[in-house]
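So the sequence shown is numbered by this note's numbering: it starts at 1 and just counts up by one.
Here a beta-carbon is modelled for each residue, glycine too, at the ideal position from N, C-alpha and C.
Notes to accompany the following structure.
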Amino acid sequence: MIIAIDGPAGAGKGTLAKNLSSFLNYAYLDTGLLYRAVGLKMLEEGSDLANPQAAEQAAISLTAEHLKDESKLRDEAVSSAASKIATHAQLRSALLRFQREFANHPPEEHQGAVLDGRDIGTVVCPNAEVKLFITASLEKRAKRRLKELQNRGIDSIYEAVLEDMRLRDERDVQRESSPLQPSEDAFLIDTSELTIDDVFKKTLRYVKDKGIRYGGGVSAS
Ligand code: DC
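Next up, the structure:
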């Protein structure tokens, strides 16, 4: 059982993916972290982010160690680097096998996997049983990101966060290789006016309607 979740940054797909995976006891892969790890590695090595071969090489030599420091990986400079290197087709195919392997053979005997990213429903797992596309207005997403940064003690300006997010959206949507777009068979949720709980319950109802059985203590009604 595979649940594919795509959408732009700040729409709430990571939170939904975590909630779903813990509720369903599925394994969870945040695929954005893979791109971030490649971006961080290249920044640390002083590699040219525009060089497709260097990006592919960085992806091939990625180890679990590179995924450990999540706060560093969430850094704004790394976010920007990740969205730039994610345009390289060779790098994307280098990361594809790992993502598919995780989805089809989730670790520790989980009955399913939840993957979130930009191209999960369209490219990585086109056969996923459940596909969700989570979005929200640019302004809402920028406000959420600003709050998140402030909570982490990082001084930020709304206009700068908004512009940065706009640029990342542009790169994600306009790139030739696996651009961000909803799969035709994805269930679309606009979270602009919804709470985290609203989104979770809406999704569970959809999962249930798809005939996927689950247990647990939360009602989907
Ligand atoms: O989800 P995120 O913000 O952590 O992702 C960081 C960048 O990685 C994002 O700007 C685009 C890229 N990415 C991608 O191209 N494909 C994915 N499946 C996941 C992330």
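Distance, Cα to Cα, residue i vs residue j?
i, j, result
"A55", "I3", "28 Å"
"D172", "E109", "33 Å"
"G10", "D75", "14 Å"
"G32", "L180", "12 Å"
"T15", "D209", "22 Å"
"K201", "Q53", "43 Å"
"T191", "R205", "16 Å"
"A128", "I60", "25 Å"
"E148", "L91", "29 Å"
"A77", "L167", "13 Å"
"G7", "K13", "7 Å"
"E170", "L194", "24 Å"
"V130", "N104", "14 Å"
"K68", "I212", "33 Å"
"E159", "R141", "12 Å"
"A17", "V124", "16 Å"
"I189", "S79", "24 Å"
"A58", "T203", "36 Å"
"N19", "I157", "29 Å"
"I196", "T135", "13 Å"
"D185", "D119", "13 Å"
Where do the N-terminal and C-terminal ends of the beta strand (DSSP E) with residue i fall, by residue?
i, result
"I189", "187-190"
"K131", "130-135"
"V123", "Note, V123: premise wrong, no beta strand (DSSP E); not H, not E."
"G12", "G12 -> no beta strand (DSSP E), and no H or E assigned at all."
"L115", "113-117"
At a threshold of 7 Å, does residue i count as lining ligand 1 (C-beta to nearest heavy atom)?
i, result
"S79", "yes"
"D172", "yes"
"A94", "no"
"Y35", "yes"
"A86", "yes"
"R152", "no"
"S71", "no"
"G121", "no"
"T31", "yes"
"A113", "no"
"G222", "Absent from the model: residue 222. The displayed extent of the chain is 1 to 221, so no value can be given."
"A50", "no"
"R97", "no"
"A82", "yes"
"A136", "no"
Could you check where the alpha helix (DSSP H) with residue i kicks off and where it finishes?
i, result
"G39", "31-45"
"L149", "138-151"
"D164", "158-174"
"N104", "89-104"
"A86", "No alpha helix (DSSP H) holds A86; DSSP gives it neither H nor E."
"P52", "52-60"
Q. Three or more C-beta pairs closer than 8 Å, one from the region 55-69 and one from the region 110-121: is that the case here?
A. no
Q: Answer yes if the region 96-108 comes into contact with the region 146-165, meaning at least three C-beta pairs across the two stretches below 8 Å, and no otherwise.
A: no
(Q) Between the region 74-88 and the region 10-28, can you find at least three pairs of beta-carbon atoms closer than 8 Å? (A) no
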